[in-house]
């Protein structure tokens with residue numbers, strides 16, 4: 072029996088970062104993955120292919136140039152499913168090649184098969200090769216569960232993966248329906264709905280809650296809803312799905328208000344569950360919750376069994392590739408007594424809808440709930456010269472500052488480049504920066520990042536006179 076210092080179940084963002092970190096600490100590492108290729112959900116059905124689909128759709132449709140050339144402008148008139156699949160396949164091959172090189176360079180062994188706990192330290196791996204199966208049992212001094220999640224598929228919905236699909240099937244074999252209904256206005260549902268809309272496909276979104284993306288500042292989501300409806304996307308809030316039937320190639324979705332939505336395709340994107348079924352958790356002393364998620368100590372990523380760790384989407388919120396990577400690194404460092412990374416106090420969210428949304432720090436509602444006194448500054452991206460040059464017609468950047476010490480509390484952006492722009496606000500907020508940084512420092516011109524200065528000046532103009540002085544103004548007044 073082969074013994075390893077560290078066995079990692081899953082090769083997504085958390086698993087691969089943990090494996091490489093443990094290998095760099097001089098430990099023997101085995102990664103077990105049940106796919107034909109490594110990379111996990113992130114590479115094969117999640118983050119990478121969905122963002123590739125988005126970029127392909129925006130490029131081929133000419134979406135970004137329509138502000139100048141009109142709504143009828145197209146780079147490619149007849150966009151096909153093959154156009155989408157080809158770019159996704161090329162991107163995925165590159166991602167897998169990079170990961171395989173990283174594992175090989177660091178001496179990480181990969182076992183392709185299904186792993187299952189036999190006891191708290193032993194994992195049995197079932198390999199399937201050329202139609203036959205064989206089993207291998209390995210010993211792990213420390214084990215990390217990083218198996219990610221799978222789409223939630225209620226028994227009441229008859230998925231056929233052609234007309235009625237979950238988000239994995241939607242991206243594995245992308246095609247262009249004549250019309251699309253999306254159940255669920257979470258991150259995945261909003262992303263795919265807006266991508267398809269950018270390709271001029273009629274879209275209806277069905278969401279049982281009265282709001283969408285509740286962790287995002289409400290001014291941003293209000294702006295998004297206005298843009299979606301302005302583009303012709305039907306957003307049905309506060310209604311549930313009563314039944315889904317496929318009749319002669321048409322999906323008929325009946326909702327709780329008695330209406331029936333007919334579409335060529337239905338994407339069911341109402342949540343994901345931890346992919347822990349079949350892991351044999353009962354054999355190692357662990358139990359997942361009703362959504363298949365595992366509880367951990369967020370400071371160490373340890374489960375209730377001290378030598379078994381869990382990281383990534385399988386532990387739930389925030390379920391971001393970026394945070395999953397850091398969680399994996401923390402688990403590996405803790406397991407082998409290395410100094411733990413000092414996690415950032417706040418981290419950014421990125422939603423790759425059309426338009427992009429990104430957020431870091433407090434929302435207005437959170438600041439109000441905390442009893443903080445604050446002021447808000449807003450900049451429209453079209454107000455920047457760069458925005459005008461690019462033909463940007465919408466988008467805004469919002470900043471929230473404390474009135475007590477002028478510290479930056481949060482940044483919220485919707486529009487072109489939001490997921491890139493957010494890192495400026497992230498850095499300033501994590502370093503305890505204030506309004507003064509944005510007012511007193513120079514930004515490249517013309518750039519969209521100039522919106523930070525515009526929003527800061529907007530907040531500054533709204534502040535009471537006794538709070539509005541920057542150090543520079545104070546020095547000028549003293550000199551005078």
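In the numbering used here, the protein residues as written are 72 to 551.
Glycine is no exception: its CB is placed at the ideal position from the N, C-alpha and C atoms.
As the structure is a prediction and not an experimental result, all values here were calculated from the model.
Close beta carbons around residue i, own chain, < 6 Å, minus the five adjacent residues each side
i	result
residue 505	477 and 478
residue 548	Low confidence applies here, because residue 548 scores a pLDDT of 49, under 50, leaving its location unreliable and the question unanswered by this model.
residue 184	196, 197 and 198
residue 238	222, 259 and 340
residue 390	384
residue 152	245, 246 and 247
residue 380	215, 372, 373 and 402
residue 406	213
residue 128	266, 269 and 270
residue 94	100, 177, 178 and 179
residue 108	167
residue 282	none
residue 317	234
residue 218	80, 81, 346 and 385
residue 331	323 and 325
residue 186	80, 103, 194 and 196
Residues sharing a beta bridge with residue i, DSSP
i	result
residue 471	447 and 481
residue 421	429
residue 368	373
residue 206	197
residue 334	322
residue 237	339
residue 505	478
residue 275	252 and 305
residue 211	75
residue 188	194
residue 345	220
Whole-angstrom C-beta distance between residue j and residue i, which should lie under 8 Å
i	j	result
residue 102	residue 79	5 Å
residue 324	residue 310	Wrong, their Cβ atoms sit about 10 Å apart, outside the cutoff.
residue 178	residue 75	12 Å between Cβ atoms; not a contact.
residue 362	residue 345	6 Å
residue 274	residue 304	5 Å
residue 404	residue 376	Not a contact, Cβ separation roughly 18 Å.
residue 295	residue 485	6 Å
residue 423	residue 121	7 Å
residue 493	residue 419	5 Å
residue 288	residue 434	4 Å
residue 428	residue 291	6 Å
Local conformation of residue i per DSSP, three classes
i	result
residue 547	Reliability of the predicted coordinates at residue 547 is poor, the pLDDT of 49 falling under 50, and the value obtained from them is presented with this limitation in mind. In this structure, residue 547 counts as helix in the three-state DSSP scheme.
residue 413	coil
residue 222	strand
residue 82	coil
residue 77	strand
residue 180	strand
residue 147	coil
residue 314	strand
residue 495	helix
residue 516	coil
residue 489	helix
residue 379	strand
residue 438	helix
residue 15	The question about residue 15 has no answer here: the residues shown for the chain are numbered 72 through 551.
residue 534	coil
residue 397	helix
residue 167	helix
residue 361	coil
residue 280	coil
residue 453	helix
residue 510	helix
7 Å CB neighbourhood of residue i in its chain, flanking five on each side removed
i	result
residue 530	446, 447, 448, 470, 472 and 506
residue 459	453
residue 113	83, 84, 119 and 392
residue 98	76, 77 and 407
residue 171	109
residue 522	450, 452, 455 and 468
residue 475	444
residue 551	Because the pLDDT at residue 551 is just 43, under 50, the model does not fix this residue reliably, and the value given afterwards should be weighed accordingly. Result list for residue 551: empty, nothing under 7 Å.
residue 158	123 and 127
Proximal residues to residue i (C-beta, below 8 Å), its chain only, five neighbours per side dropped
i	result
residue 208	72, 189, 193, 194, 195 and 196
residue 400	88, 89, 92 and 412
residue 414	397 and 401
residue 139	462
residue 220	112, 343, 344, 345, 346, 363, 384, 385 and 390
residue 533	446, 447 and 448
Closer than 7 Å: residue i CB and nearest the ligand FAD heavy atom
i	result
residue 347	With respect to small molecules bound, the structure shown includes none, and the ligand FAD cannot be examined in it.
Below-8 Å beta-carbon distance, residue i vs any chain D residue
i	result
residue 486	Considering every chain present, this structure includes no chain D. It has just one protein chain.
Scan the segment 76 to 144 and note each continuous beta strand (DSSP E) run of 3 residues or more that stays entirely inside, going in chain order.
Taking only runs of at least 3 residues, the beta strand (DSSP E) segments lying wholly in the segment 76 to 144 are 100 to 104.
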